[in-house]
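What follows is a set of notes on a single structure, which appears directly below.
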Amino acid sequence: MRESDYLDCLGDHELLIQSPGRINLIGEHTDYNKGYCLPAAIRQSLFLGISEAPAMKFRALDTGDDWGYGNQQRPHWMVYLQGVIDFLAAQGIKVPPFEMEFGGTLPMGAGLSSSSSLTCGFIFGINQLMCLDLPTETLTAWAVQAERASGLMGGMMDQISIFNGRKKEALLIDCSDWSFKYYPVDIPGFSWLIADTGVKHKLVDSDYNNRSLACTGILRTMQLNGFAGASISELPIHELSQWESHLSEEDFPLLSYVLEENKRVLTFAENLTAHQVNELGQLLLEGHAGLRDQYRVSCAELDFMVEFAEQFEGVMGARMMGGGFGGSTLHLLKEDAKQDYQHAISKAYFKKFDKEAKIFEAELEDGVRRIH
Ligand code: GAF
């Protein structure tokens, strides 16, 4: 279904909410380490139609599965919706019964944050439906907490960008205090492409939480040995080597990756402003190498796409995006190489993995909004 089909299908609901997905230009696995990241909301979105009803009912238009209409099996996405309802109840907010139908152009499990898009869109919708008047900062913080019910020990990058996204702009987030600044992303003559490997990633079943726990362990070891910071991101990069002997062979590369990635984010933002596309491309490739070799969250399909990008004329750079273990890659390339590249990478990917890659342009858009 296209965007307009969702609007038609859901148009009769009292409330119609558009909740986008997100890309991340750079700064991966830094959010829960209180570092920096540079995400943006995208055009691909979920649409949520909500109306008051005698009993709670939820339906996913794309898969046809539902909850509250008599179905015996609870759909997997209910964990996010129930997470919001339970979290609000714990704050003393009892959500009245209503009906919600949702669906959209945002692919699920593609590393574009479909679960946060659903959670954020839902809490935003309840805020409207119940006229709670909660400010965006509160909705963001609550969406982060509610999503933890799924078992993922995620950060706050996805929710901040989904709530605060702006057309043609990315947000440089300082995850130590959740503050952010907007950076224009439009570079004349260049495009950003997203390539979905089709390797579905369900982060909660991946090693994501193990990386997060490992970083907490690294911090504890450092603190026990005299480090005064409250997060590993506070360690000045020139002091990195002092910690090698305190950490295991697996853990030290995690620490070095996080510090180097934080530095890459700040350099990337400067180069974005100056339209330094060669530097941007190089930083994307370096970020990917760090995720593959130091943080170890890539996979063969993601690596293949990035290696392909590296040797293609007109492509400045590429990297995996999001939590990893599947999902999508992001590519910066010359506008006039776009068509040939799309064709070539799809063909090569299919030949290698016998799978279709879905490739589309990253159009940066506003964050969650009410359509009516
Ligand atoms: C997932 C998480 F939800 C984010 O918080 C972030 O950690 C990301 O993976 C990796 O940068 O999207």
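All residue numbers for the sequence shown refer to this note's numbering, where the first residue is 3 and numbers rise by one. By construction, the Cβ of each residue, glycine as well, lies at the ideal position given by its N, Cα and C atoms. Predicted model, so just to flag it, every value in this text is computed and none were measured.
Looking from the CA of Gly200, the closest CA among Arg61, Ala230, Pro109, Leu268 belongs to Pro109.
In this structure, Ser6 lies away from Ser47, with their beta-carbon atoms at least 9 Å apart.
If you look at Asp88, you'll find it isn't in any beta strand (DSSP E); it sits in the alpha helix (DSSP H) that goes 80–92. For the stretch 141–194, the full-length beta strand (DSSP E) segments reaching 3 residues or more read 171–176, 181–186 along the chain. With three or more CB-CB distances shorter than 8 Å, the stretch 131–142 counts as touching the stretch 160–171.
Check the Cα spacing between Ala197 and each of Glu358, Gly369, Met3: the tightest is with Glu358. Scanning the stretch 297–349 for uninterrupted alpha helix (DSSP H) segments of 4 residues or longer gives 302–312, listed from N- to C-terminal end.
The beta carbon of Met307 is closer than 6 Å to those of Ala197, Thr331 in its chain, skipping five residues each way along the sequence. For the pair Val97 and Pro255, the Cα-to-Cα distance works out to about 45 Å. According to the DSSP secondary-structure assignment, Ile361 is paired through a beta bridge with Ala197. Between the C-alpha atoms of Lys36 and Asp305 there is a straight-line separation of about 27 Å. Distances between the C-beta of Leu205 and the heavy atoms of ligand 1 include at least one below 8 Å. Residue range 100–106 is occupied by the beta strand (DSSP E) that includes Phe104.
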